[in-house]
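Counting the sequence shown from 1 gives a position; my numbering is that position plus 2. First the structure, in the form of structure tokens, and then the observations on it.
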Amino acid sequence: PSARGLAQVFSPSPLVPRESGDRMAGEASTPSSSEGPAAPAQQVSTEVAGVTWCSAESRRKTAAQVAVVMPELGWSICEALLLPLLLKLNVPTTLLTVGWLVSPLLCIVLHPLLGGLSDKHGRRPFVFLLGFIASVGLCVLPLAESMLHGWQGILVVVIAFGFTDTSHDLLLTPTRAAMNDAFLDPEVSGLRCAVAGGAGKLVALLCVVAFDTDKAFFASGVVMFLATVLQFLAPSSVVGNFEVAPAAAVEEQAVTAAVVRLPLGFVTMWALSFCGWLSICTISFGATSAWAERQVAQPGTPEFNVAVKVASSLLMGSTVVFIIAGNALPFLVGLFGGPERALLAAQAALSLSLMSFISAIPSALTGAVLVLLYPVAYQVVANVPFTWLENQPDFLAEQRGRMTGWLNSSLAAAQVVTAISMGPVAAMFGGKLLAAFVGTAVLGGGIAASIAVQFWLLRRRVGGCARAVLNGSLLPLDGAASGAGSGSGGSRRCTGVAPRIEPAS
């Protein structure tokens with residue numbers, strides 16, 4: 003992040019609006035008419051050195067970062083323990099992933115809808131509602147499994163997980179939008195989200211390793227409840243801080259909300275996010291059980307439980323790399339030459355991670371890939387698209403929640419594909435989860451390869467122009483300010499205006 007961006011984040015004034023990112027740190031700003039009068043406590047709790055812990059701005063940022071912990075916490079605990087739980091209940095192979103189908107089908111529609119509502123009514127009401135549903139669901143899962151048996155237990159577990167997972171997924175939209183509300187620099191927001199997400203994964207996997215299944219679910223439910231309650235830290239008079247916006251702000255937002263404008267390049271970014279999430283969902287849903295499959299351990303046996311613990315320990319170790327990679331995201335994006343290329347590299351790493359579960363590959367190598375390579379690719383897919391979105395020149399801040407929701411729908415779409423295909427594909431090959439892993443690697447890698455081919459063809463057609471448009475997507479080609487080349491083979495100087503290339507088909 004730039005020095006100015008960091009200075010803005012720690013500016014001593016808690017009243018700097020989101021749109022004043024070009025002001026120097028330390029400049030006082032007066033509240034706009036849409037913000038309303040500031041509370042006296044917010045005016046006296048600042049120091050010259052920066053924002054104090056009791057200031058409104060500090061509480062706002064703290065609450066936002068705690069909220070970002072919640073989705074990864076819920077995902078990680080369920081990803082590690084739910085599939086082994088369903089296997090123990092003797093769920094038919096073709097229905098193993100049915101619990102994951104409820105959430106994505108709902109979230110494809112609800113992500114953009116919830117984002118738009120949070121733009122109008124604030125983030126905090128939705129964080130409260132979804133956080134409480136998630137915490138209750140995590141506590142109900144082990145109770146249903148231990149108190150009910152047969153199809154009754156399976157049905158209650160699947161329904162409870164459906165509500166819980168839907169809450170986790172939907173939390174991603176208001177919490178991420180709230181982080182971008184709170185932090186002036188998108189890179190700083192992305193870094194904080196990456197670290198907070200790593201903390202959520204670490205807490206969840208610590209519960210998995212330290213406790214048995216029932217206690218792990220209960221412990222994570224308590225942590226989720228506490229994180230929800232801590233949202234009361236957020237002040238209630240700051241626009242965009244999980245709270246209902248004043249009437250003047252709502253009226254101003256209504257003017258731009260009437261027309262939904264996708265930033266240039268959004269479709270390409272959505273497709274790259276989709277294939278990345280497709281691989282991540284497959285690994286997340288099946289890593290522990292696939293590891294036990296490598297060890298030829300049968301579900302319900304002590305050997306199976308030991309194998310699940312070993313896989314969970316590897317995933318817990320990967321959270322350290324996950325957090326480190328989060329801090330290195332700007333470097334990684336620059337290393338690969340832009341967010342699109344970084345996502346293509348991440349997909350290659352994810353396909354390699356999936357293929358590493360082949361039984362012919364030594365377990366030590368599979369574990370190394372799972373700990374060292376997979377979390378880096380995960381961070382790129384989970385955070386780079388949102389930083390890209392905030393940095394687009396035609397991005398409208400008034401539609402932040404809605405655009406965040408549309409981008410998150412790529413995750414929901416990937417979950418649908420995984421939920422529908424993972425069980426049947428495994429059943430076609432004798433119940434082997436490895437078949438689903440290989441199929442996902444081929445599918446995700448194929449989508450990414452097709453986009454990479456479009457990059458290459460477009461580069462040849464436009465020569466040295468720095469940016470070009472393909473199918474409504476803004477694709478960076480190189481850093482040159484000028485160059486030669488045209489679609490007909492002639493030479494011309496690049497004027498800096500991106501030529502629109504009509505696709506061949």
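Cβ coordinates follow ideal geometry from the N, Cα and C atoms, glycine included.
Integer Cβ distance of residue i from residue j, believed to fall under 8 Å
i, j, result
"G447", "Q349", "7 Å"
"V104", "T168", "6 Å"
"R404", "G118", "4 Å"
"P301", "K90", "6 Å"
"L356", "T442", "6 Å"
"P73", "H170", "5 Å"
"L316", "G369", "5 Å"
"V323", "L374", "6 Å"
"V159", "L143", "6 Å"
"T177", "A69", "4 Å"
"L445", "L280", "7 Å"
"L346", "A428", "Not confirmed; about 28 Å, so no contact."
"L232", "A65", "6 Å"
"I110", "S411", "5 Å"
"R263", "L398", "6 Å"
Buried or exposed (CB count within 10 angstroms, at least 16 for buried), residue i
i, result
"I282", "buried"
"T230", "buried"
"S120", "buried"
"F234", "exposed"
"K63", "buried"
"L477", "Because the pLDDT of L477 is 43, which lies under 50, any placement of that residue in the model is unreliable, and the question is left without a value."
"T303", "exposed"
"Q67", "buried"
"G288", "buried"
"L157", "exposed"
"S1", "No answer is possible for residue 1: the residues shown for the chain start at 3 and end at 507."
"I363", "exposed"
"F185", "buried"
"A30", "Annotation note: pLDDT 37 at A30 (below 50); position unreliable, coordinate value reported separately. The residue in question, A30, is exposed, as its Cβ has fewer than 16 Cβ neighbours within 10 Å."
"A212", "exposed"
"E305", "exposed"
"F431", "exposed"
"G336", "exposed"
"F333", "exposed"
"V308", "exposed"
"Q154", "exposed"
"V210", "buried"
"V418", "buried"
"D214", "exposed"
"V508", "Since the first residue shown for the chain is 3 and the last is 507, residue 508 is missing from the structure and cannot be characterised."
"N182", "buried"
"S452", "exposed"
"R462", "exposed"
When the options are compared against residue i, the one with the closest alpha-carbon
i, options, result
"E81", "R404, T166, P176 and V70", "T166"
"V197", "I135, G339 and N385", "N385"
"G328", "A292, A379, V371 and L280", "A379"
"G223", "Q154, V138, V205 and I449", "V138"
"F163", "W390, D183, P114 and L87", "L87"
"V205", "D214, V383, A221 and R402", "A221"
"R194", "R463, I326, G425 and T420", "I326"
"N393", "G425, V190, R343 and D216", "V190"
"F457", "Q401, R402 and R343", "R343"
Proximity below 8 Å, CB of residue i to CB of residue j
i, j, result
"V310", "T290", "yes"
"A415", "F276", "yes"
"S358", "L367", "yes"
"S320", "P377", "yes"
"S365", "L207", "no"
"G278", "L331", "no"
"A236", "T406", "no"
"L83", "A294", "no"
"P265", "D396", "yes"
"M226", "A136", "yes"
"G76", "L172", "no"
"G267", "F388", "no"
"P341", "W408", "no"
"A292", "F134", "no"
"V71", "G202", "yes"
Contained beta strand (DSSP E) runs [length at least 3] in the region 322-372, N- to C-terminal order: none
Could you pull out every unbroken beta strand (DSSP E) segment of at least 3 residues lying fully inside the region 404-475, listed in chain order? 469-472
With a floor of 4 residues, list each alpha helix (DSSP H) that falls wholly inside the region 266-314, ordered by position along the chain. 268-296
Entirely within the region 153-236 and at least 4 residues each: give me those alpha helix (DSSP H) ranges in chain order. 188-212 and 215-231
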